[in-house]
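Peer 1:
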Amino acid sequence: MQTSLKANLLKHLIAKKEEGGFTLIELLVVIIIIGILAAIALPSFLNQANKARQSEAKTYAGSMNRGQQAYRLENTRFAPTFNDLAIGIPTDTTYYRYTIGNSGAFGATAVAQAKDAGLKAYIGGVQLNPGSATAEATTIAILCEAKAAGTDLPTKAAMTGFNEAAAATSIVCADANWKQM
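The opening position of the sequence shown corresponds to residue 33 in my numbering, with each subsequent residue numbered one higher.
#1: So, are the CB atoms of residue 160 and residue 194 less than 8 Å apart?
#2: Just how far apart, CA to CA, sit residue 214 and residue 69?
#3: Please tell me whether residue 185 and residue 143 are closer than 8 Å, where the distance is taken between their beta carbons.
#4: I'd like to check one pair, residue 97 with residue 156: are the Cβ atoms closer than 8 Å?
#5: Which residues bound the beta strand (DSSP E) around residue 70?
#6: So within the segment 107-182, which uninterrupted beta strand (DSSP E) runs reach at least 3 residues, ignoring any that extend past its ends?
#7: In the structure shown, what three-state DSSP assignment does residue 201 receive?
#8: Count the other CB atoms, across all protein chains shown, that sit within 10 Å of the CB of residue 78; report buried if there are 16 or more and exposed otherwise.
#9: Cα-Cα, which of 113, 92, 99 and 61 is closest to residue 133?
#10: Just mark residue 203 as buried or exposed, buried being the case when its beta carbon has 16 or more other beta carbons within 10 Å.
Now the structure itself:
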């Protein structure tokens with residue numbers, strides 16, 4: 033009987049080991065792996081949210097540029113106000129404030145100022161290009177993105193060649209702080 037009791041006990045212990053769950057070490061390894069993956073993925077995910085918010089500013093500043101080009105085609109100057117421009121975009125959203133900066137007979141700026149320090153600012157410019165003696169005058173446009181995030185108000189100094197009081201043949205983003213879009 034002793035031998036059969038020992039045999040049954042061994043069978044029971046072997047069967048019990050096969051039915052066992054996860055050990056504490058296995059659970060800790062899984063938790064650590066999930067933590068590492070989350071630490072890698074979370075900043076990338078949060079950056080995507082800022083990119084989506086910035087796409088609003090790019091779209092609106094580009095629309096303001098195109099609106100200024102259309103306005104100048106029908107008038108002898110660029111639109112000085114949003115009401116004159118009449119493109120139907122709000123001047124203030126959750127993340128950006130939009131303004132028409134310098135506006136004159138020869139050029140106008142479209143400004144997208146970030147309200148959140150984690151977002152980039154944008155400035156667009158539309159300039160009258162006089163053309164040659166035989167060609168009609170046209171407009172040239174540019175959109176510049178700040179390389180660093182912040183809530184500073186962009187100015188026309190971000191664009192080299194822009195002058196609302198005189199015609200120009202080219203506009204470029206001014207320096208190392210701005211990137212052409």
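C-beta: ideal position from N, C-alpha, C; glycine also. Note that the structure is a prediction, hence the values are computed from the model and not measured.
Peer 2: Short version:
#1: Translated into the one-based positions of the sequence shown, residue 160 becomes position 128. Translated into the one-based positions of the sequence shown, residue 194 becomes position 162. Between residue 160 and residue 194, the gap from beta carbon to beta carbon reaches 8 Å or more.
#2: One cannot answer for residue 214 here, as it falls past the ends of the chain, which runs 33 to 213.
#3: Counting from 1 along the sequence shown, the entry for residue 185 is found at position 153. Counting from 1 along the sequence shown, the entry for residue 143 is found at position 111. Closer than 8 Å, so yes.
#4: Here residue 156 refers to the residue found at position 124 when the sequence shown is read from its first residue. Here residue 97 refers to the residue found at position 65 when the sequence shown is read from its first residue. At the C-beta level, residue 156 and residue 97 come within 8 Å of one another.
#5: Walking along the sequence shown from the start, residue 70 turns up at place 38. Following the DSSP letters along the chain, one finds residue 70 in no beta strand (DSSP E) but inside the alpha helix (DSSP H) bounded by residues 56-106.
#6: Entirely contained in the segment 107-182, the beta strand (DSSP E) runs reaching 3 residues are, in chain order, 128-135, 139-146, 154-161 and 170-178.
#7: Numbered from 1 along the sequence shown, position 169 holds the residue referred to as residue 201. Three-state result, residue 201: coil.
#8: The residue given as residue 78 occupies position 46 in the sequence shown. Result: exposed.
#9: For the purposes of this step, residue 133 is taken as the residue at position 101 of the sequence shown. Of the listed residues, the one whose Cα sits closest to residue 133 is 113.
#10: One-based indexing of the sequence shown puts residue 203 at position 171. The residue is buried, with at least 16 neighbouring Cβ atoms inside 10 Å.
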